[in-house]
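In this note's numbering, the protein residues as written are 26 to 324. Here the structure is laid out as structure tokens; the discussion comes afterwards.
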Amino acid sequence: MSSIRFLPDTPSRLLFTDLDGSLLDHHDYDWSPARPWLTRLKQLGIPVIPVTSKTRHELLPLRRALGLSEAPFVAENGALVGLPPAWCHARLERDPDPDGLVIKSLGVDIGFIRQRLAIWRHRLDARFTPLSELPLDELVACTGLSEPEARLARRREGSEPLLWQGGEAGLEALRDGLAGDGLRLVRGGRFWHVTGACHKGEAVRWLVRRYTALRGHRPLTLALGDGPNDIPMLEAVDQAVLIRGHHDQPVAPAQPALYRSRVAGPAGWAEGVAHWWGRDGHRGESALSNPAGQGEAMA
């Protein structure tokens, strides 16, 4: 992992982050409040790893825009992991894709998911619309994505988002049916997501194991997220930030080292990073002092 360099007095660290509603603003996908911290973490060689429901096709241009191209990523709620060269075993992973990444599947094929969804919709007379069936103009209106971005969001490989239009009893019946197929139904920000047995937490653990195997020691880990589908990720790390959400869904991870941000979106993201890593002494190293004049971390 030669491209990841740490200052001598900075412990090895990994930061895992949800995107929509966390690093990216829920409404307009702006991340400017988090920019100073992204710059500082990059200077320190600390990987910022997106862990998201987005597809890898959505992530590729977004990683470049955010300056995260050297870090791995987790797509589709843990169904796929993308590894840049520095995160690969040289003798075992020699076939990167055209983007120079090795893609690891931790889930099941999208064809199986869609087949089982069609069967359960018929059996239960369930009322939902898979993202793959949502007209493009409706998808754009629902998400705020541009048309090109919405087309990338449709290129699913290991999960299917859906808009639920039925009642609570029907939702539970669908959940039970999918569970019999080895599939999970997880609440995201705008959609419910159908995946295999994978989830964000398992993908995070997989990447921590990979990092530990390559570097010979386990890093300190921090994760930030705002939704129910982030709970496994927030529980899989040493320190966590629950970002104030634009929703009324209960999010209560079993995580003793949990900070709840006072503000939402990327400003809450920056607040959370500052809380854990922005002070000397019991929370952070001097090398991680607040960037760009940010205020002190909040207790």
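Ideal placement from N, C-alpha and C gives every residue a C-beta, glycine not left out.
Thinking C-beta only, is residue j closer than 7 Å to residue i?
| i | j | result |
| --- | --- | --- |
| Arg235 | Thr220 | no |
| Pro58 | Pro257 | no |
| Leu267 | Trp301 | no |
| Glu182 | Ile144 | no |
| Ala175 | Leu161 | yes |
| Leu131 | Gly103 | yes |
| Ser286 | Gly297 | yes |
| Ala100 | Thr80 | yes |
| Pro186 | His218 | yes |
| Lys225 | Val133 | no |
| Gln280 | Leu249 | no |
Look up residue i in the DSSP assignment and say whether it is helix, strand or coil.
| i | result |
| --- | --- |
| Pro61 | helix |
| Leu40 | strand |
| Gly107 | strand |
| Val165 | helix |
| Asp45 | strand |
| Lys67 | helix |
| Glu95 | coil |
| Trp352 | Given a span of 26 to 324 for the chain in the structure shown, any question on residue 352 remains unanswerable. |
| Ser28 | Per-residue confidence for Ser28 stands at a pLDDT of 38, beneath the threshold of 50, marking its modelled position as unreliable; no derived number is given. |
| Thr220 | strand |
| Pro86 | helix |
| Met323 | Low per-residue confidence applies at Met323: pLDDT is 28, beneath 50, and the placement is therefore not dependable enough to give any value. |
| Glu310 | With a pLDDT of 42 at Glu310, under the threshold of 50, the modelled position of that residue is not reliable, and no figure is offered here. |
| Lys79 | coil |
Let me make sure I understand the geometry here. Which of the options has the alpha-carbon closest to that of residue i?
| i | options | result |
| --- | --- | --- |
| Ile173 | Arg141, Arg38 and Leu87 | Residue identity differs from the one stated: residue 173 is Pro in this sequence, not Ile. The option with the nearest alpha carbon to Pro173 is Leu87. |
| Leu48 | Pro275, Gly270 and Ala282 | Gly270 |
| Glu83 | Val127, Leu44, Cys167 and Pro110 | Leu44 |
| Arg212 | Gly202, Leu170, Leu164 and His272 | His272 |
| Ala204 | Cys223, Ala166 and Arg89 | Cys223 |
| Leu142 | Leu283, Gly207, Gly293 and Arg180 | Gly207 |
| Leu63 | Phe41, His52 and His51 | Phe41 |
| Gln68 | Leu93, Ser157, Arg89 and Leu156 | Leu93 |
Just to check my reading of the structure: residue i and residue j have Cβ atoms closer than 8 Å, yes? What is that Cβ distance to the nearest angstrom?
| i | j | result |
| --- | --- | --- |
| Pro72 | Leu39 | 6 Å |
| Gln274 | Pro253 | 5 Å |
| Ala328 | Val229 | The structure shown has nothing for residue 328, since the chain only spans 26 to 324. |
| Leu188 | Thr154 | 5 Å |
| Pro109 | Leu126 | 6 Å |
| Leu105 | Ile128 | 6 Å |
Check your understanding: Taking the runs of the alpha helix (DSSP H) that are 4 residues or longer, which of them lie wholly in the stretch 246-297?
Key -> 256-260
Check your understanding: In the stretch 144-211, which residue ranges form an unbroken beta strand (DSSP E) of at least 3 residues, counting only runs that do not cross its ends?
Key -> 153-155 and 184-189
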